[in-house]
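Written out below as structure tokens is the structure these notes cover.
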Amino acid sequence: MAENYNYKESELKWRKFWETEGIFKFSLKNKAKVYSIDTPPPTVSGKMHIGHAFSYSQQDFIARYKRMAGFNVFYPFGTDNNGLPTEKLVEKLKNVKSTRMPRNEFVELCDNTVKEILPNFIEDWKIIGMSCDFSNSYSTIDKHCIKTSQKSFLDLFKKNLVYQQTAPTMWCVHCQTAIAQAELEDKELDSTFNDVQFSLEKGDKITIATTRPELLGACVCIYVHPTDKRYKNLIGKNAIIPLFGYKVPIFADESADPEKGSGIMMVCSWGDKYDAEAIAKRKLTPRIIITPDGKMNSFAKQYEGLTIKDARKQILSDLEKEGLLIAKKPIKHVVNVHERCGTEIEFLSTKQWFIKILDNRNKFIEAGKTIKWYPEYMFTRYKHWIENLGWDWCISRQRHFGVPFPIWICKKCSEVLVAEESELPIDPLEKKPSKKCKCGSSEFTADNDVMDTWATSSVSPQIILNWAKDKGFDASMELYPCSLRPQAHDIIRTWAFYTIVKGVYHENKAPWKDITISGHVLDPKGEAMHKSKGNAVEPSVVLDKYPADALRFWAAGSKLGDDLRYLEKDLVTGQKTVTKLWNASKFTLLQLQDFKSKPKKLEAFDIWILTKLNKLISNSTKNFDNYDYYKVKADVELFFWRDLCDYYLEISKDRLYNPDKRGVQERVSAQYTLYSSLLNTLKLFAPIMPFITEEIYHMHFSEKEKIKSIHLCSWPIPDQSLIDEKNEEIGDKLIEIISEVRKEKSQKSVSLKESVKEIVLPFKESEVKDFIEDLKSVTKAEKVSFGKKLEIKL
RNA sequence: GAGCCAGUGAUCUAGUGGCUAUGAUGUCUCCUUUACACGGAGAAUGUCGAAGGUUCGAGUCCUUCCUGGCUCACCA
Numbered sequence: 037m038a039e040n041y042n043y044k045e046s047e048l049k050w051r052k053f054w055e056t057e058g059i060f061k062f063s064l065k066n067k068a069k070v071y072s073i074d075t076p077p078p079t080v081s082g083k084m085h086i087g088h089a090f091s092y093s094q095q096d097f098i099a100r101y102k103r104m105a106g107f108n109v110f111y112p113f114g115t116d117n118n119g120l121p122t123e124k125l126v127e128k129l130k131n132v133k134s135t136r137m138p139r140n141e142f143v144e145l146c147d148n149t150v151k152e153i154l155p156n157f158i159e160d161w162k163i164i165g166m167s168c169d170f171s172n173s174y175s176t177i178d179k180h181c182i183k184t185s186q187k188s189f190l191d192l193f194k195k196n197l198v199y200q201q202t203a204p205t206m207w208c209v210h211c212q213t214a215i216a217q218a219e220l221e222d223k224e225l226d227s228t229f230n231d232v233q234f235s236l237e238k239g240d241k242i243t244i245a246t247t248r249p250e251l252l253g254a255c256v257c258i259y260v261h262p263t264d265k266r267y268k269n270l271i272g273k274n275a276i277i278p279l280f281g282y283k284v285p286i287f288a289d290e291s292a293d294p295e296k297g298s299g300i301m302m303v304c305s306w307g308d309k310y311d312a313e314a315i316a317k318r319k320l321t322p323r324i325i326i327t328p329d330g331k332m333n334s335f336a337k338q339y340e341g342l343t344i345k346d347a348r349k350q351i352l353s354d355l356e357k358e359g360l361l362i363a364k365k366p367i368k369h370v371v372n373v374h375e376r377c378g379t380e381i382e383f384l385s386t387k388q389w390f391i392k393i394l395d396n397r398n399k400f401i402e403a404g405k406t407i408k409w410y411p412e413y414m415f416t417r418y419k420h421w422i423e424n425l426g427w428d429w430c431i432s433r434q435r436h437f438g439v440p441f442p443i444w445i446c447k448k449c450s451e452v453l454v455a456e457e458s459e460l461p462i463d464p465l466e467k468k469p470s471k472k473c474k475c476g477s478s479e480f481t482a483d484n485d486v487m488d489t490w491a492t493s494s495v496s497p498q499i500i501l502n503w504a505k506d507k508g509f510d511a512s513m514e515l516y517p518c519s520l521r522p523q524a525h526d527i528i529r530t531w532a533f534y535t536i537v538k539g540v541y542h543e544n545k546a547p548w549k550d551i552t553i554s555g556h557v558l559d560p561k562g563e564a565m566h567k568s569k570g571n572a573v574e575p576s577v578v579l580d581k582y583p584a585d586a587l588r589f590w591a592a593g594s595k596l597g598d599d600l601r602y603l604e605k606d607l608v609t610g611q612k613t614v615t616k617l618w619n620a621s622k623f624t625l626l627q628l629q630d631f632k633s634k635p636k637k638l639e640a641f642d643i644w645i646l647t648k649l650n651k652l653i654s655n656s657t658k659n660f661d662n663y664d665y666y667k668v669k670a671d672v673e674l675f676f677w678r679d680l681c682d683y684y685l686e687i688s689k690d691r692l693y694n695p696d697k698r699g700v701q702e703r704v705s706a707q708y709t710l711y712s713s714l715l716n717t718l719k720l721f722a723p724i725m726p727f728i729t730e731e732i733y734h735m736h737f738s739e740k741e742k743i744k745s746i747h748l749c750s751w752p753i754p755d756q757s758l759i760d761e762k763n764e765e766i767g768d769k770l771i772e773i774i775s776e777v778r779k780e781k782s783q784k785s786v787s788l789k790e791s792v793k794e795i796v797l798p799f800k801e802s803e804v805k806d807f808i809e810d811l812k813s814v815t816k817a818e819k820v821s822f823g824k825k826l827e828i829k830l
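So in this note's numbering, spot 729 of the first sequence is number 765, and the numbers just go up one at a time.
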């Protein structure tokens with residue numbers, strides 16, 4: 037055995053071994069119960085980030101445990117590479133603008149770029165030791181996924197759960213597409229709260245406070261609260277819009293808050309959701325003033341063509357010139373921005389596809405209740421999100437690289453014709469429908485729109501299910517619901533929620549039995565990591581310096597749902613544990629070279645450590661079953677470091693080194709104990725540190741156990757016959773004595789090797805006699821006697 | 001504004017009613033000991049956020065408050 041462990045060499049070696057030997061390949065022949073994991077397909081970006089390394093490690097602990105625990109683990113790997121995030125990446129990598137090139141060229145460029153970067157991207161997941169079946173990887177833009185996604189749409193269409201509507205929807209003027217509520221983010225911006233003077237027909241003046249003066253030309257009516265005494269006389273009158281000069285009616289409406297601003301509110305098309313509701317309620321004709329690319333249109337008169345920002349500036353300055361700007365207070369306010377680009381969202385009236393979700397909120401909450409959430413409180417977050425939903429799910433995007441809607445629109449009667457399931461996957465821009473429209477016409481147009489990326493990733497359970505079926509999956513293997521959905525908490529409102537929606541609509545039940553939610557990685561100060569903040573840590577940099585096992589060991593240090601700070605010292609601790617395993621194994625395996633048969637009888641201290649080991653196995657099993665990998669990590673670490681290395685290895689040395697003095701059977705007993713303790717420690721650590729455990733396993737145990745990978749070994753079962761509480765209690769007391777002797781030597785600045793003349797033990801001889809020889813050797817005591825009080829005579 | 005989570009030695013952390021509160025990192029002292037100095041032995045450091053309450057007994061349960069983080073909402 038080499039002096040030092042070369043993790044770089046070793047990790048690469050085992051990664052290749054697992055792949056060429058197909059260790060994690062899903063087996064159709066395996067008749068064991070299936071444990072299926074609805075793995076998150078990471079969005080293809082340049083590189084894996086540390087948050088990925090963290091949460092994917094956590095799910096891999098579970099996958100590896102379940103595999104050892106005897107399940108036939110179905111653990112496919114996928115990547116999410118369609119839709120806006122992929123387009124953004126391609127635009128950045130290739131320095132292009134999708135709006136400035138032909139659509140098909142851009143789509144092709146996306147396709148090629150994804151193919152180009154995918155292998156390297158996936159490699160990062162292999163490096164951290166993910167035990168997915170990489171021979172079966174899906175991509176959300178591949179034919180199979182497009183088919184599954186389009187099939188989902190057809191099913192919703194048939195069930196009347198999807199509809200197309202022209203209405204004000206949230207719009208990103210930068211990405212030039214509609215977006216969904218879940219894609220909003222808060223951003224605090226500097227702005228001004230402006231008191232603007234409006235005139236009434238008879239020359240009276242009123243003041244309205246607004247943060248959005250550029251929408252003056254979009255104002256269609258004015259609200260005051262019905263009980264607001266100040267403004268009772270305004271109701272029913274008209275107001276004249278400053279700078280624009282047209283008249284709008286003044287209504288009484290509950291939605292005007294007398295406390296806010298001047299208590300008078302202008303309704304514009306559209307400042308927010310409530311404006312849209314107000315205009316619909318009053319049946320007013322909207323004055324839509326913003327173009328899809330964020331400029332002012334002809335309603336803005338002299339401001340036409342300006343950007344929103346410029347129009348705001350110009351209008352404010354003109355108001356000021358006219359003496360109509362009564363006050364301008366600087367404020368900080370929080371606005372909704374598009375999460376992908378940070379642009380403030382607008383409301384535009386466009387034709388979009390929506391999946392009905394508002395009507396069935398209760399169903400989604402009920403379905404959520406049938407899933408076991410780890411940690412439990414994450415369900416509350418899910419529930420609150422649903423309770424606060426304000427919109428149906430807008431799934432159409434005015435983009436290019438994504439799943440096309442499997443529909444055509446009749447040129448003559450505008451009827452929607454949907455594709456047949458057998459035609460899928462289909463691009464209606466390239467293929468004509470196989471039948472005529474109801475009206476007899478065969479002239480159709482197809483939509484340029486594509487689906488929201490979540491519309492596809494939300495069918496990930498169906499993607500892997502259909503895929504398994506295609507591969508000849510035995511129908512008796514229950515795949516839906518999946519056993520587990522692992523993901524991070526930032527996408528509860530998107531991925532988890534949308535997948536449950538689709539599950540309820542397509543299969544009438546929740547998509548998984550369990551869901552585990554990982555936290556985020558924070559910087560050393562406990563703040564969120566952002567590339568722009570410069571505090572992000574790259575896994576490749578970490579892995580250049582530390583073993584992947586150390587990274588995983590660190591990731592095992594926090595419980596599900598908890599955020600974890602990235603502190604380099606924790607990686608050092610992980611690395612030390614790897615080294616310690618190597619060194620302890622070096623010693624142990626050397627002692628095991630001639631170990632063949634079981635001992636006739638176990639020595640007292642051997643029973644002591646085996647008792648602790650079997651209790652540890654029992655607890656670790658329980659903890660892993662509850663997804664409490666952090667407890668397993670902490671318990672095994674403590675057992676290994678303290679009980680096994682600090683105490684037992686030292687205790688066993690005399691018997692191992694001096695069989696002529698201590699007896700051959702006594703040595704065999706120690707060998708047996710070491711074999712069992714080390715092998716089981718390795719197994720317990722294997723899900724967390726797969727590389728070092730595999731390395732050590734292959735140095736000795738694979739030959740004896742006849743299983744080609746530690747990750748295919750069965751999870752240890754506690755041997756109740758080896759648990760001896762009485763023995764453990766006495767052993768613990770003697771461990772304390774050993775500790776006292778060490779303390780005494782340490783305080784006297786004497787080496788631990790130094791012999792002790794006599795130890796007087798505060799026990800009855802009969803009670804501890806089986807331990808005495810080992811106690812004498814480990815403490816280097818020349819003589820042991822028994823008395824009332826502990827005495828250590830150096 | 002609402003909800004959720006958390007507040008334990010210098011730092012991070014375990015601990016869901018019961019002996020002198022766990023472990024790690026850091027600090028200090030000692031030990032080159034035949035697995036390991038990426039080690040070992042030991043020491044010091046805690047009014048368990050605050051105040052009340054329940055209980056024979058509370059870090060652990062309840063109430064209120066304070067602080068931090070997250071999520072959602074408001075954002076004329």
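Using N, Cα and C, we set each Cβ at its ideal position, and we do this for glycine too.
Just so we're clear, the structure is a prediction, and the values are computed from it rather than from any experiment.
Query raised in the report: Taking DSSP as the reference, what is the three-state secondary structure of TRP409?
Result: Here residue 409 refers to the residue found at position 373 when the first sequence is read from its first residue. In this structure, DSSP gives TRP409 an extended state, which the three-state scheme calls strand.
Query raised in the report: What residue range is occupied by the uninterrupted alpha helix (DSSP H) comprising ALA275?
Result: For the purposes of this step, residue 275 is taken as residue 239 along the first sequence, with counting starting at 1. That residue, ALA275, is in no alpha helix (DSSP H); its beta strand (DSSP E) goes 274-276.
Query raised in the report: Just the Cα atoms here: how many angstroms apart are GLY404 and ASP74?
Result: As a working note, residue 404 is residue 368 in the first sequence. As a working note, residue 74 is residue 38 in the first sequence. Each residue's Cα considered, the two are about 16 Å apart.
Query - Neighbourhood of GLY438 by C-beta distance below 6 Å, restricted to the same chain and skipping five residues each side - result: Locating residue 438 in the first sequence gives position 402, counting from the first residue. For GLY438, where only same-chain residues beyond five positions count, the Cβ hits under 6 Å are ASN118, GLY119, VAL486 and MET487.
Report task. Whole angstroms is fine: what's the gap from SER519's alpha carbon to ALA640's? Result -> By one-based count along the first sequence, residue 519 stands at place 483. By one-based count along the first sequence, residue 640 stands at place 604. Each residue's alpha carbon lies about 43 Å from the other.
Query raised in the report: Within 10 angstroms of its Cβ, does TYR43 collect 16 or more other Cβ (buried), or is it exposed?
Result: Position 7 of the first sequence, counted from the start, is the residue given in the question as residue 43. Burial is judged here by how many other beta carbons sit within 10 angstroms of a residue's own beta carbon; TYR43 has at least 16 and is buried.
Requested in this report: State buried or exposed for GLN756, treating a residue as buried only when at least 16 other CB atoms are found within 10 Å of its CB.
Outcome: Numbered from 1 along the first sequence, position 720 holds the residue referred to as residue 756. Label assigned to GLN756: exposed.
Requested in this report: Reducing DSSP to helix, strand and coil, say where ALA68 ends up.
Outcome: Numbered from its first residue, the first sequence carries residue 68 at position 32. In the structure shown, ALA68 sits in coil (DSSP, three-state: anything other than H, G, I, E or B).
Query raised in the report: Taking Cβ to Cβ, would you say GLU794 is nearer than 8 Å to LYS819?
Result: By one-based count along the first sequence, residue 794 stands at place 758. By one-based count along the first sequence, residue 819 stands at place 783. Against a cut-off of 8 Å, the Cβ pair of LYS819 and GLU794 comes out as a contact.
Query raised in the report: Residues in its own chain within less than 6 Å of ILE401 by CB, not counting five upstream and five downstream?
Result: To locate residue 401, count along the first sequence from 1; it is residue 365. Closer than 6 Å at Cβ, skipping near neighbours: LYS419 and ILE422.
Requested in this report: Assign ALA817 to one of two classes, buried (16 or more other C-beta atoms within 10 Å of its C-beta) or exposed (fewer than that).
Outcome: Locating residue 817 in the first sequence gives position 781, where the first residue counts as 1. Burial check for ALA817: the Cβ neighbour count within 10 Å reaches 16 or more, so the residue is buried.
Query raised in the report: Is TYR410 near LEU190, with beta carbons less than 8 Å apart?
Result: Residue 410 sits at position 374 when you count from the first residue of the first sequence. Residue 190 sits at position 154 when you count from the first residue of the first sequence. For TYR410 and LEU190, no; Cβs fall outside 8 Å.
Query raised in the report: Any idea what DSSP makes of ASP630, helix, strand or coil?
Result: One-based indexing of the first sequence puts residue 630 at position 594. Looking at ASP630 - three-state DSSP - the assignment turns out to be coil, as it is neither helix nor strand.
Query raised in the report: So what's PHE383 in DSSP terms, helix, strand or just coil?
Result: In the first sequence, counting from the first residue as 1, residue 383 sits at position 347. For PHE383, the secondary structure class from DSSP, reduced to helix, strand or coil, is strand.
Query - Cα-Cα separation, TRP161 to ILE759 - result: Here residue 161 refers to the residue found at position 125 when the first sequence is read from its first residue. Here residue 759 refers to the residue found at position 723 when the first sequence is read from its first residue. Whole-angstrom Cα-Cα distance: 40 Å.
Report task. Note the first and the last residue of the continuous alpha helix (DSSP H) segment covering SER745. Result -> In the first sequence, the residue the question calls residue 745 occupies position 709. Per DSSP, SER745 belongs to no alpha helix (DSSP H) and is neither H nor E.
Query raised in the report: First and last residue of the alpha helix (DSSP H) that includes HIS180?
Result: The residue you call residue 180 lines up with position 144 of the first sequence. Start and end: 179-194.
Report task. Look at the Cβ atom of TRP531, then the Cβ atom of SER494, and state whether they are nearer than 8 Å. Result -> In the first sequence, counting from the first residue as 1, residue 531 sits at position 495. In the first sequence, counting from the first residue as 1, residue 494 sits at position 458. Closer than 8 Å, so yes.
Requested in this report: Let me know the secondary structure DSSP gives ILE724 once reduced to three states.
Outcome: By one-based count along the first sequence, residue 724 stands at place 688. In the structure shown, the three-state DSSP call for ILE724 is coil.
Query raised in the report: Does the pairing of the stretch 628-644 with the stretch 744-756 give three or more beta-carbon distances under 8 Å?
Result: With contact defined as three or more Cβ pairs closer than 8 Å, the stretch 628-644 and the stretch 744-756 are not in contact.
**Report entry** Collapsed DSSP secondary structure at ALA245 in the structure displayed
**Finding:** Your numbering for residue 245 matches position 209 in the first sequence. The answer is strand: DSSP assigns ALA245 an E or B state.
Report task. Could you spell out where the alpha helix (DSSP H) holding TRP50 opens and where it closes? Result -> Working through the first sequence from its first residue, we reach residue 50 at position 14. Per DSSP, TRP50 belongs to the alpha helix (DSSP H) from 43-56.
Requested in this report: Check whether the stretch 360-379 touches the stretch 224-241, taking contact to mean three or more Cβ pairs, one atom from each stretch, closer than 8 Å.
Outcome: With the cut-off at 8 Å, the stretch 360-379 and the stretch 224-241 touch.
Query raised in the report: Does the distance from the CB of ARG376 to the CB of GLY307 come in under 8 Å?
Result: On the first sequence, residue 376 is found 340 positions in, with the first residue counted as 1. On the first sequence, residue 307 is found 271 positions in, with the first residue counted as 1. Against a cut-off of 8 Å, the Cβ pair of GLY307 and ARG376 comes out as no contact.
Query raised in the report: According to the Cβ coordinates, are LEU64 and GLY508 closer than 8 Å?
Result: The residue you call residue 64 lines up with position 28 of the first sequence. The residue you call residue 508 lines up with position 472 of the first sequence. For LEU64 and GLY508, yes; Cβs fall inside 8 Å.
Query raised in the report: Along the chain, where does the beta strand (DSSP E) that runs through LYS800 open and close?
Result: In the first sequence, the residue the question calls residue 800 occupies position 764. Judged by DSSP secondary structure, LYS800 falls outside any beta strand (DSSP E); it is assigned neither H nor E.
**Report entry** Same chain, Cβ closer than 7 Å to THR246, neighbours up to 5 away in sequence not counted
**Finding:** Working through the first sequence from its first residue, we reach residue 246 at position 210. Within the same chain, THR246 has close Cβ partners ASN230, VAL232 and MET302.
Requested in this report: Name the one or two DSSP bridge partners that MET301 has.
Outcome: Here residue 301 corresponds to residue number 265 of the first sequence, with the count starting at 1. MET301 is bridged by DSSP to TYR259.
Requested in this report: In the DSSP assignment, find the unbroken alpha helix (DSSP H) run with MET414 in it and report its ends.
Outcome: On the first sequence, residue 414 is found 378 positions in, with the first residue counted as 1. Taken as a continuous stretch (DSSP letters only), the alpha helix (DSSP H) holding MET414 covers 414-423.
**Report entry** Residue ranges of each alpha helix (DSSP H) within the stretch 94-162, 4 or longer
**Finding:** Runs of alpha helix (DSSP H) with 4 or more residues, each lying fully within the stretch 94-162, are found at 119-130, listed in chain order.
Report task. Excluding the 5 residues preceding and the 5 following GLY610 in the sequence, name in chain order all residues of the same chain whose CB lies nearer than 6 Å to its CB. Result -> As a position in the first sequence, residue 610 is number 574, starting the count at 1. Excluding sequence neighbours, GLY610 sits near ALA586, PHE589 and TRP590.
**Report entry** Environment of MET166 [buried if 16+ CB atoms lie within 10 Å]
**Finding:** Within the first sequence, the letter at position 130 stands for residue 166. It is buried - the Cβ of MET166 has at least 16 other Cβ atoms within 10 Å.
Query - LEU220 - containing beta strand (DSSP E), residue span - result: Along the first sequence, one-based indexing puts residue 220 at 184. DSSP places LEU220 in the uninterrupted beta strand (DSSP E) bounded by 220-236.
Query raised in the report: In or out: CYS28 buried (at least 16 other Cβ within 10 Å) or exposed?
Result: Residue coverage of the chain in this structure runs from 37 to 830, which leaves residue 28 outside it and unanswerable.
Query - Three-state secondary structure (DSSP) of SER175 - result: As a first step, residue 175 must be located in the first sequence, where it is residue number 139. In the structure shown, SER175 sits in a strand (DSSP, three-state: E or B).
Requested in this report: Take THR386 as the anchor and find which of ASP526, ILE215 and ASN196 has the nearest alpha-carbon.
Outcome: Position 350 of the first sequence, counting from 1, holds the residue named residue 386. Here the closest residue by C-alpha is ILE215.
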